[in-house]
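Heads up, the sequence shown is in my numbering, so the first residue is 152 and it goes up one at a time.
Beta carbons: idealized from backbone N, C-alpha and C, even for Gly.
Model, not experiment: these values are computed from the prediction.
Heads up, the thing below is written out as structure tokens.
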Amino acid sequence: TNSEGASVYTNDSVFAYANSHGFIGGYPSTRHSISCSVIAEQETAMQRDYWYSSARDASDMGSATDIGKIAGERTVRRLGSRPIKTGQYPVLFEAPLASGLISTLVNAISGSSLYRKSSFLLDSLGKPVASNILNIQELPHIKKGSASSPFDNEGVATQPRQLVENGVLQGYVLSSYSARKLGMQTTGNAGGAHNLIVQDTRHSFTDLLHLMDTGLLVTELLGHGLNMVTGDYSRGAAGFWVEKGIIVHPVEEITIASNMKDMLNQLIAIGTDIIPHSAKQTGSILIEQMTVAASE
């Protein structure tokens, strides 16, 4: 193995905001992160992977030793990929990628997407948008939370709320501008959502593998194959083939495809393996079925 390098980032700042409506406010902010990227070679094969840790408080971050070790292990295990057959399989998105699925849901219920009618979840307020296992809270005032804030980018006070309850959409994500365009009230989300917490289904990562039985564990996604209007989803991917709940071998150069509406409604379980201190906290997400296309 070899290293592509490591990086450390630290920031200590004060944010202040004032507007013509008489609002003025501010708060101090810190952010720290460390990451490591590793290359592994075996004969003519080469693989890359990485790991990271990020937190508001530097003492909450993982150690440099642990970050490097995890990055190395993740890279080495990708060597020796083997082909799989094209078909319909359960797909397990590991936690760092599962947060991207939650981001897609949030984008679809955000004001700019809604008033432009560029969302696959138009007119979904108060309606089921996902499997009834999905529960998402927005908690803007978590101490040391990555996206904590007392007010949004327009000075509107932030409030804790239930965004999705048992699969039913309880609220949109609106700024004052987008709310006016929709004839609604702002939700205090100018600048985005604040600390989204996805409730797990009390399944460990190992539990999820056994629940999936045979299928694909996705650990890397490539490209941006998502149509926000229709929800059609198609991404290049890499990961691991799983049989009888056991990781068998790595796979690469595959494509996974479905529709976001179907994916949300086919959520089977959400893991307890949450990445701490992230703005969208979710464990790994297991989806009942997607099309997995192998390279020829």
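{"Check": "Continuous beta strand (DSSP E) assignments of at least 3 residues falling wholly in the segment 240–297", "Outcome": "287–289"}
{"Check": "Valine 159 Cβ short of 7 Å to the ligand GDP heavy atom set", "Outcome": "Ligands are entirely absent from the displayed structure, and the ligand GDP is therefore not among its contents."}
{"Check": "Straight-line gap, alanine 408 to glutamine 440 (C-alpha atoms, nearest Å)", "Outcome": "10 Å"}
{"Check": "Chain-order list of residues whose beta-carbon lies under 6 Å from that of isoleucine 235 (same chain, five-residue window excluded)", "Outcome": "Trp392, Val402, Ala445"}
{"Check": "Sub-8 Å separation of serine 355 and aspartate 274 beta-carbons", "Outcome": "no"}
{"Check": "Extent of the continuous beta strand (DSSP E) run through glycine 387", "Outcome": "383–394"}
{"Check": "Alpha helix (DSSP H) segment containing methionine 197, residue limits", "Outcome": "Note, methionine 197: premise wrong, no alpha helix (DSSP H); beta strand (DSSP E) at 196–206."}
{"Check": "Reference glutamate 404, options Ala330, Gly390, Thr337, closest by Cα", "Outcome": "Gly390"}
{"Check": "Continuous beta strand (DSSP E) stretch holding alanine 420: start and end", "Outcome": "418–421"}
{"Check": "Cβ pair count under 8 Å reaching 3, the segment 367–378 against the segment 310–329", "Outcome": "no"}
{"Check": "Beta strand (DSSP E) segment containing phenylalanine 166, residue limits", "Outcome": "153–169"}
{"Check": "Those residues which DSSP pairs with methionine 212 across a bridge", "Outcome": "According to DSSP, methionine 212 bridges with nothing at all."}
{"Check": "Euclidean distance between Cα positions of isoleucine 298 and alanine 430", "Outcome": "Sequence check: residue 298 is alanine here, not isoleucine. Cα to Cα, the separation comes out at about 5 Å."}
{"Check": "Alpha-carbon to alpha-carbon, leucine 285 and glycine 318", "Outcome": "5 Å"}
{"Check": "Reduced DSSP category for lysine 412 - H, G, I as helix; E, B as strand; rest coil", "Outcome": "helix"}
{"Check": "C-beta atoms of tyrosine 178 and glycine 306 nearer than 8 Å", "Outcome": "no"}
{"Check": "Validate contact between the segment 161–175 and the segment 193–202 using beta carbons, cut 8 Å, 3 pairs", "Outcome": "no"}
{"Check": "Residues that DSSP places opposite tyrosine 184 in a beta bridge", "Outcome": "It should be pointed out that residue 184 corresponds to serine in this sequence rather than to tyrosine. Partner(s): Tyr160, Ser205."}
{"Check": "C-beta contact flag for leucine 455 and leucine 372 at 8 Å", "Outcome": "What is shown of the chain runs 152 to 447, which leaves residue 455 out entirely."}
{"Check": "Own chain residues within Cβ distance below 7 Å of valine 159, not counting five before or after", "Outcome": "Ile185"}
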